[in-house]
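Chemist: Encoded as structure tokens, here's the structure I'll be asking about.
Residue numbers (UniProt numbering): 1 to 138.
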């Protein structure tokens, strides 16, 4: 199950820095998107055999465990690398590489490219509505 679903409401923190794995809100072409920051400026992001690597280091993504278990084949995404997706191969100095937790159906940096810092609205640390889904977003 994705971290957030349509209709969830979140609190947006417009202050502070954006860190790796934060869930963020950004505006692209007049539409607000909620995605997870995977790559910071200067990073090389790769997926190999459904495992995340950033600058060659393997990272676990425990926030995807429940979602992955419910998938019939267990795979979240096909292999890719910013080396293939981006002209310089790295996340630009003024941008972030973001992915949706619903990896198979997400319109994210694999499609729209890195998200410029000036398009960031803020982080989304809390889901407050509906009350049954209220939680701290990890």
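Glycine is no exception: its CB is placed at the ideal position from the N, C-alpha and C atoms. Small disclaimer: the values here were computed from a predicted structure and weren't measured.
Using 9 Å as the threshold, is the C-beta distance between residue 9 and residue 23 below it?
Modeler: Going by C-beta atoms, residue 9 is not nearer than 9 Å to residue 23.
Chemist: Buried or exposed: residue 15, going by 16 or more other Cβ atoms within 10 Å of its Cβ?
Modeler: Exposed.
Chemist: Please report the straight-line C-alpha distance between residue 136 and residue 6, rounded to a whole angstrom.
Modeler: Cα-Cα distance, rounded: 17 Å.
Chemist: Shortest alpha-carbon distance to residue 79 belongs to which of 71, 48 and 126?
Modeler: It is 48 whose Cα lies nearest to the Cα of residue 79.
Chemist: With distances taken Cα to Cα, identify the nearest neighbour of residue 116 among 29, 133 and 124.
Modeler: Residue 116 has its Cα closest to that of 29, out of 29, 133 and 124.
Chemist: In the DSSP assignment, find the alpha helix (DSSP H) that holds residue 57 and state where it starts and stops.
Modeler: Per DSSP, residue 57 belongs to no alpha helix (DSSP H); it is in the beta strand (DSSP E), 57–59.
Chemist: Where do the ends of the beta strand (DSSP E) carrying residue 99 lie?
Modeler: That run of the beta strand (DSSP E) goes 95–99.
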